[in-house]
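FYI, in this note's numbering the residues of the sequence shown are -14 to 393. Here's the structure, in structure tokens; my notes come after.
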Amino acid sequence: MTANGLTADPELASRLLAAIEAELPAATELRHQIHREPDLGGHEERTATRIAEALGDPGAPWVTQGRLVRIPAGASAYGDSASDGGPARAHVAVRTELDALPLTEETGAPWASVNGAMHACGHDVHMAGLVAFGRALRAVGGPRPVLAVLQPREESSPSGALDVVSSPELAAVPVGAFVAVHMHASLRPGTIAVQGGPVNASSDDVTITIEGRPAHAAYPHMGRDPIVAAAGTVMALQHLVSRRIDPMHPSVVTVGTVQAGTAHNQIPGSAVLTGTLRAFDEADRDLLHATVTETAELTARSYGCRATVDIVRGEPVLRNDPQLARMTATWLARLGLDPHGDMRSCGADDFSYYNAKYPSLMCFAGTGEDVVPGLHHPAFLPPDEAIFDVARAMLAGYLGACDLLAGP
Ligand SMILES: [Zn+2]
């Protein structure tokens, strides 16, 4: 522990920062290559291999379509014996996602994708940032080894994080903390949101199937109309967030699809609604499950129909470790970034599966809303400078985790 209370040495941090800067031209080239040739969720092997090779470990173990790359602490593990930097020492895991979205790109970049997939969520920048950080750590060394988690299927289900977190390959590595950085358009460039506590919501899928009785459209009294029951259900669900959840607790009930009928003059036999339920609190999550089910069943019954409700639990709440957030904020400021971003949303990220098991931190790095359109937009294209912000934020998270794991 140094006199300023930080385990990691500011001088070492400066050397790591300089090494990251030296890696930026190659990381930028790599970003363009990954962006030009994106892989969809469930098919990320090519991208995973590129990143593992760039991180200096082409033989890194696979977990489904992803890979786990161990980066040893190196010779200059300061204040520790060489053996402390070895495989038995608790690692800091740093995650990047590998997958692109099924979108047709509209950025006009010379290195735009033409294969119908697109890195419209910034994962290309996250990967390039992790490569710059990981290579710098391999060259300079640090207080602790890193496990670079190259995770598949962040955008699609089944969740890649769930596969990684329950894999024997991850269990074989002692991990003390998990860190990730995600781009966000609502923050200014250079600003990093680093807050303790919940920052993303739990996310559960709901399917409501309403059974009625088919009839000729001109003889509605002969049937039981599931479309009217479905419309009533959509409206009835709107009171749950406004009347049943504490107004100080963020939560969402959104119906995203409504499907029913095949002819304009027929009352169909059934209607199906699908939607998403979001909450920041496990008790609210349980309450939403119960009240959505009750509301759908009773509303359908009042129309002479019958509803069955199927809820599939998805990601838990993403809750940042407050101490890790505080320690990382100190390093962010030292590394030239502004750690004062405020970013909590009812978005969801499967990083929360790690966070349920390890002290974890998800930081959000600003791209600027007026600079580029938001995430998942076909014109989303953060500038190459964002790679440096992501790499520095990962370094800050790593140093913060080293401080955390060193104890008081
Ligand atoms: Zn993403």
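Where a beta carbon is used, it is the ideal one built from N, C-alpha and C, also for glycine. These figures come from a predicted structure and were not determined experimentally.
Beta-carbon proximity list for A37, same chain, < 7 Å, skipping 5 on both sides: P43, A45, R52, V54, L135
Other residues of its chain near L155: CB distance less than 6 Å, five sequence neighbours each side excluded: V149
P10 beta carbon less than 9 Å from that of A73: no
Which of helix, strand or coil DSSP assigns to P205: helix
H108: CB within 8 Å of a non-hydrogen atom of ligand 1: yes
CB of N305 within 9 Å of CB of V191, strictly: no
Which residues DSSP lists as bridging I252, in chain order: A200
Pick from T218, G197, L147, V77 that is closest to A165, judged by C-alpha positions: V77
Counted within 10 angstroms of its Cβ, other Cβ atoms place Y288 as buried (16 or more) or exposed: buried
Under the three-state DSSP convention, the category S287 falls into: helix
Three-way DSSP call (helix, strand, coil) for C387 in this model: helix
Nearest candidate by alpha-carbon position, reference I252, set R286, L346, I195, A121: I195
Per-residue burial, H104 [other beta carbons within 10 Å of its own, 16 or more giving buried]: buried
N-terminal and C-terminal residue of the beta strand (DSSP E) that Q308 is part of: Note, Q308: premise wrong, no beta strand (DSSP E); alpha helix (DSSP H) at 307 to 319.
L346 Cβ short of 8 Å to ligand 1 heavy atom set: no
Collapsed DSSP secondary structure at V110 in the structure displayed: helix
Between the CA atoms of L15 and W96 - distance to the nearest angstrom: 11 Å
Among P368, D388, V237, nearest to G175 - alpha-carbon criterion: P368
Contacts around P307, its chain only, beta-carbon distance under 8 Å, and the 5 residues preceding and following it disregarded: G181, G182
Rounded straight-line distance, which links the Cα of T315 to that of L390: 16 Å
Runs of beta strand (DSSP E) lying entirely within the stretch 123 to 200, each at least 3 residues, in chain order: 131 to 136, 160 to 169, 176 to 178, 182 to 185, 187 to 196
Which of helix, strand or coil DSSP assigns to D327: coil
Distance cut-off 8 Å: H325 Cβ against heavy atoms of ligand 1: no
Coil, strand or helix - Q244 by DSSP: strand
Residue closest to E219, alpha-carbon to alpha-carbon, out of A292, E29, H167, V99: Residue identity differs from the one stated: residue 219 is Val in this sequence, not Glu. Ranking the options by Cα distance to V219, first place goes to A292.
Any non-hydrogen atom of ligand 1 closer than 8 Å to E140 Cβ: yes
Rounded separation between V90 and H17 - CA only: Going by the sequence as given, residue 90 is Glu instead of Val. Answer to the nearest angstrom: the Cα atoms are 14 Å apart.
Contacting residues, own chain, Cβ-Cβ under 6 Å from D323 (five flanking each side not counted): G175, T176
Where the alpha helix (DSSP H) through M220 begins and ends: 211 to 222
Straight-line Cα distance separating S(-1) from T239: 47 Å
G41, DSSP secondary structure in three states: coil
Stretch-stretch touch, CB-based, cutoff 8 Å, three pairs: the stretch 110 to 125 with the stretch 363 to 381: yes
Cβ-Cβ separation, S337 to V297 (assumed contact under 8 Å), whole Å: The pair is not a contact, with the Cβ atoms about 16 Å apart (cut-off 8 Å).
H362 beta carbon near ligand 1 (any heavy atom closer than 8 Å): no
P344 to A178 span [Cα, whole Å]: 17 Å
A97 (DSSP reduced to helix, strand or coil): coil
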